[in-house]
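Undergrad:
2 protein chains.
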Amino acid sequence: MIAEIIAVGSEMLTPYRVDTNSLALTAELNKLGVAVAFKTILGDDLQQLTDAARIALRRADIVLFSGGLGPTEDDLTREAVAAVLGVGMTRDASIIESLRERFRKRGIEIRENNLKQADVIDGAEVLPNANGTAPGQWIDTTFEDKRRFLVLLPGPPKELTALYTDQVEQRLRAVVPQVHIAIASLRMAVVPESEVDARTAPIYQQYPDVQTTILSTQGEIQLHFQCSKPTLAEAEARVREVQSRCAQEMGDVVFSENDESPEEVVLHTLAERGLTLAVAESCTGGLLGQRLTSVTGSSGSFLGGAIVYANAMKTALADVPAETIHEHGAVSEEVARALAEGIRRRTTAAYGIGITGIAGPGGATETKPVGLVYVALADAERTECLTLNLSGDRERVRWFASQYALMLLRKHLL
Amino acid sequence: MIAEIIAVGSEMLTPYRVDTNSLALTAELNKLGVAVAFKTILGDDLQQLTDAARIALRRADIVLFSGGLGPTEDDLTREAVAAVLGVGMTRDASIIESLRERFRKRGIEIRENNLKQADVIDGAEVLPNANGTAPGQWIDTTFEDKRRFLVLLPGPPKELTALYTDQVEQRLRAVVPQVHIAIASLRMAVVPESEVDARTAPIYQQYPDVQTTILSTQGEIQLHFQCSKPTLAEAEARVREVQSRCAQEMGDVVFSENDESPEEVVLHTLAERGLTLAVAESCTGGLLGQRLTSVTGSSGSFLGGAIVYANAMKTALADVPAETIHEHGAVSEEVARALAEGIRRRTTAAYGIGITGIAGPGGATETKPVGLVYVALADAERTECLTLNLSGDRERVRWFASQYALMLLRKHLL
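Top line first, the protein sequences correspond to chains V and C. When we follow full-length UniProt numbering, the leftmost residue of the first sequence carries the number 1, and every step to the right adds one. When we follow full-length UniProt numbering, the leftmost residue of the second sequence carries the number 1, and every step to the right adds one.
1) Which value, in whole angstroms, describes the spacing of the CA atoms of residue 13 (chain V) and residue 42 (chain V)?
2) Give the secondary structure of residue 183 (chain C) by DSSP, where H, G and I count as helix, E and B as strand, and everything else as coil.
3) By Cβ distance below 8 Å, which residues in the same chain neighbour residue 144 (chain V) in space, the five residues on each side in sequence not counted?
4) Decide if residue 480 (chain V) is buried, meaning its Cβ has at least 16 other Cβ atoms within 10 Å, or exposed.
5) Which residues of chain C have a Cβ atom closer than 8 Å to the Cβ of residue 158 (chain V), listed in chain order?
6) If we ignore side chains and look at the alpha-carbon of each, how far apart do residue 5 (chain C) and residue 62 (chain V) end up?
7) Measuring alpha carbon to alpha carbon, tell me which of C:382, C:26 and C:180 ends up nearest residue 239 (chain C).
8) Could you give the DSSP three-state label for residue 114 (chain C): helix, strand or coil?
9) I want to verify the contact list: residues of chain V whose CB lies under 8 Å from the CB of residue 18 (chain C), in sequence order.
10) What does residue 208 (chain C) touch in chain V if you count any residue whose Cβ is under 9 Å from its own?
11) Of the choices V:360, V:382 and V:221, whose alpha-carbon is the least far from that of residue 389 (chain V)?
12) Helix, strand or coil for residue 266 (chain V) per DSSP?
13) Could you check which residue in V:122, V:178 and V:128 has the C-alpha nearest to that of residue 159 (chain V)?
14) Starting from the beta carbon of residue 286 (chain V), find every residue of chain C whose beta carbon is closer than 9 Å, and list them in chain order.
15) Do you know how far the Cα of residue 339 (chain V) is from the Cα of residue 401 (chain V)?
16) Using 8 Å as the limit for Cβ to Cβ distance, is residue 180 (chain C) near chain V?
17) Can you name the residues of chain V whose CB is closer than 9 Å to the CB of residue 144 (chain C)?
18) If you draw a straight line from the C-alpha of residue 237 (chain C) to the C-alpha of residue 218 (chain V), how long is it?
19) Output the distance between the C-alpha atoms of residue 317 (chain C) and residue 306 (chain V), rounded to the nearest integer angstrom.
20) Note down, in chain order, all residues in the stretch 305-339 of chain C with a beta-carbon under 8 Å from any beta-carbon belonging to chain V.
21) Leaving aside the five residues before and after residue 173 (chain V) along the sequence, list all residues of the same chain whose C-beta is less than 8 Å from its C-beta, in chain order.
22) Got a sec, what are the start and stop residues for the alpha helix (DSSP H) residue 125 (chain C) sits in?
23) So with Cβ pairs under 8 Å, would you call residue 184 (chain C) a contact of chain V?
24) Taking 8 Å as the CB-CB limit, is residue 37 (chain C) close to chain V?
25) Mapping DSSP to helix, strand and coil, what is residue 190 (chain C)?
26) What are the residues in the stretch 62-79 of chain C lying within 9 Å of chain V by C-beta distance?
27) Beta-carbon of residue 408 (chain C) versus every beta-carbon of chain A: anything under 8 Å?
28) Hey, would you say residue 291 (chain V) sits closer than 8 Å to residue 272 (chain V), going by beta carbons?
29) Evaluate contact between the stretch 244-252 of chain C and the stretch 183-194 of chain C, counting only Cβ atoms and requiring at least three cross-stretch pairs below 8 Å.
30) Check whether the Cβ atoms of residue 60 (chain V) and residue 121 (chain V) lie closer than 8 Å to each other.
31) For the stretch 291-346 of chain V, list the beta strand (DSSP E) runs that are entirely contained and at least 3 residues long, ordered along the chain.
32) Could you check whether the stretch 341-356 of chain C touches the stretch 402-410 of chain C, counting it as contact only if at least three pairs of C-beta atoms, one from each stretch, sit closer than 8 Å?
33) Per the DSSP calculation, residue 415 (chain C) is bridged to which residue(s)?
34) Taking 8 Å as the threshold (beta carbon to beta carbon), is residue 40 (chain C) in contact with chain V?
35) Run down chain C in chain order and give the residues with a C-beta less than 8 Å from the C-beta of residue 346 (chain V).
36) Is residue 32 (chain V) helix, strand or coil when you go by DSSP?
Shown next as structure tokens:
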């Protein structure tokens, strides 16, 4: 069975907003063994929406709509679905009552247009929405001689996901052929996508029953494996096998087989060993600290550190001798090492990380180009320093600098 | 004229990836007065892709494809477009030559499948791609008695945007009816979307010729105005008028009428006045520093600061007296004030910001719930402190804390 997701709303046709509801819906549908084959995004036009619904019903078994269930004139999903199915709508007394109740509680007068949300397409089941005014609708019908399932969901992400989980998942599970899906992933850092693909494709291509997706995000390459089998044990055995063979091939660049982020991997290892970390960041300006503290419970191992953007701060907050900066420049291996060592001493952490570099677009000199970054790691015994020549814009240089810093520490902890 | 954007690639049908190419394309098309009415996202299936191309050619004047121009068997956009137009393809000798040249330079053997990228749809103009191997194609044709323009663009964002700018923009400009578009925006912070809408709708609804979009992103509400008129002066006059009336209505919560971010506004004002800033961050862990240093040239006003995640760091790096922490707790107004004052003194900055709070999900006590955050701002004369009770998850609490900190400083600088 295949699905189409239709996202309704003119804001998604502006330069400012993409449809993200489809990501959560896709993850859920995949769990049932349903692939999403099409996504359509369109605005609040009844004719266009009706035509799009017809196209979707011809090419997909399950059609999910997100959005267009609100109280305004622009909310036309109900009308379009009724039109394409050639049925009417009935205003539902119990929905009206719950709408009135909702407004009463908030002390707001209900307006006539709100009652529109009580319109139920003939033949539809109402899906109560605990988090908003617009209920969803579920339709199991025959369209041009084929059995089709239509699901109307509200656009706000929290309402949509809760409604899917509470109301839709069980209904779909009852009608889609039962399969068991296992998933697994490998996360790798600071390695080119082309290298990962060249080395792992000969392996994963031996598993035609496993769907393999390679994704490249900033400074990270992920392999996702998915397999559907009559039993979960069979599916899991297959994804585990291809995962483990690819992991073996890629070796050290794999930082997680459990879908952990680089910062999670580093923090968990530090916590296991009772070790602590502090950072002194120049060009990353707090990015590494921000990444580490985005992890719940990071306070167990991450002490803090210094943002040493100005040169005087490198001395004042991380004890870099002014003469080191004067002699080698703020962007130098010597300063990176001094930052790592200085912040470690100052905070009494087990590890100190120092980062200094030229994130660009300005700041380059004849000998020091944009993208030159030094990342140093100090422990009680020694200090190690990476010299990086990163390409790309300011954001990319900074992100990769933080990524290399995490990978340097991870390697050290291995 | 209306456009449809078809994004081709199975990765965009997974739970991991959305189409973002359409955002840049939409911004460019809007500048020409062309609205995007439909977006379709689908995978690498020739029949599905051919059908989708047919649907698009029926409902849109301009159809832009992104992706599916690579060298693999899965890259089928050329084949699908040729099929729907009922024409053939010719392998282009000059493209083959430039492909061979490209591979020679990189010292790689060219493989047979790469030559596929030299296939040109009959009647198409080749759009050379300076940044990759897959050239684009431009087709001006008649489909079912209507004039249609098809644009085939490579999927990698940098190749796509460069190719659009260099090759497509001028071709579209020559064929779309000439209009002049003016845009303007208002950016507001720490105000609910519903309040912005309630207060500005009575104004912008008086401008039916101006398309107004309200967007809510984390801690920020944006109003975007767009107007198309026979002359640019007329269009600009209209968007300026509605922008200025809405700005007047919203008052102080508007932080930019020039599409600047909160961090840009604060840094520019500091730079104008020759003032400096330092931060001491506990629960935000570097996020505020990271936001400030994401702005090019921030080193002029932002000195740096301390990430004081552990209590001992609050004392060691920002001189918060241990007894203040002991007496009031790390999450307290007293500690926020001491952080702001301490980091200011330590760094000799004009302003010091201190942030301490409970980002969650753990860490709450009976009297201090998740979301309780103190943000303090100190200058030479006085220290001001905000008490925030933020809702939402860890990421949201941290982001809003940094947003309130920027807004507190901005208000002070007004």
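In this text, a Cβ means the ideal position worked out from N, Cα and C, and glycines have one as well. The structure presented is a predicted model; accordingly, all values stated were derived computationally and were not measured.
TA: Well, looking at it:
1) The C-alpha of residue 42 (chain V) is placed about 7 Å away from the C-alpha of residue 13 (chain V).
2) In this structure, residue 183 (chain C) counts as strand in the three-state DSSP scheme.
3) Cβ within range, chain order: 57 and 58.
4) A question about residue 480 (chain V) goes unanswered here, because the residues of chain V that appear run from 1 up to 414.
5) Simply none; closest approach about 11 Å.
6) Those two C-alpha atoms are separated by around 23 Å.
7) Among C:382, C:26 and C:180, the Cα nearest to that of residue 239 (chain C) is on C:180.
8) Collapsing the DSSP output to three states places residue 114 (chain C) in a helix.
9) In chain order: 18, 19, 20, 22 and 23.
10) Within chain V, no residue comes near residue 208 (chain C); the closest Cβ sits about 14 Å away, beyond 9 Å.
11) The residue with the shortest Cα to Cα distance from residue 389 (chain V) is V:360.
12) Judged by DSSP in its simplified three-state form, residue 266 (chain V) adopts helix.
13) Ranking V:122, V:178 and V:128 by CA distance to the CA of residue 159 (chain V) puts V:128 first.
14) Near residue 286 (chain V) (Cβ distances below 9 Å), the residues of chain C are 279, 281, 284, 285, 286, 287, 288, 289, 290, 291, 292, 293, 304, 305 and 307.
15) Cα to Cα, the separation comes out at about 15 Å.
16) Not an interface residue.
17) One finds nothing in chain V with a Cβ atom closer than 9 Å to the Cβ of residue 144 (chain C); even the nearest lies about 15 Å away.
18) Each residue's Cα considered, the two are about 42 Å apart.
19) Those two C-alpha atoms are separated by around 8 Å.
20) Those residues of the stretch 305-339 of chain C that come within reach of chain V (Cβ to Cβ, closer than 8 Å) are 305, 306, 307, 308, 309, 310, 312, 313, 316 and 317.
21) Excluding the 5 residues flanking it on each side, residue 173 (chain V) has same chain C-beta neighbours closer than 8 Å at 32, in chain order.
22) Unbroken run through residue 125 (chain C) is the beta strand (DSSP E), 125-127; no alpha helix (DSSP H).
23) With 8 Å as the cut-off, residue 184 (chain C) does not count as an interface residue toward chain V.
24) Closer than 8 Å to some Cβ of chain V, the Cβ of residue 37 (chain C) qualifies, so yes.
25) Residue 190 (chain C): coil per DSSP, three-state reduction.
26) Here the close residues number zero.
27) In summary, chain A is missing from the structure at hand, where the protein chains are V and C.
28) Going by C-beta atoms, residue 291 (chain V) is not nearer than 8 Å to residue 272 (chain V).
29) Yes: the two stretches touch, three or more of their Cβ pairs being nearer than 8 Å.
30) It is not a contact, given that the beta carbons lie outside the stated cut-off.
31) The stretch 291-346 of chain V contains, as complete beta strand (DSSP E) runs of 3+ residues, the segments 302-307 (chain order).
32) They touch, by the three-pair rule.
33) For chain C, the structure presents residues 1 to 414; residue 415 (chain C) sits outside this window and is missing.
34) It does; some Cβ of chain V falls within 8 Å.
35) Listed along chain C are 316 and 317, each with a C-beta nearer than 8 Å to that of residue 346 (chain V).
36) Assigned with DSSP and collapsed to three states, residue 32 (chain V) falls in coil, not helix or strand.
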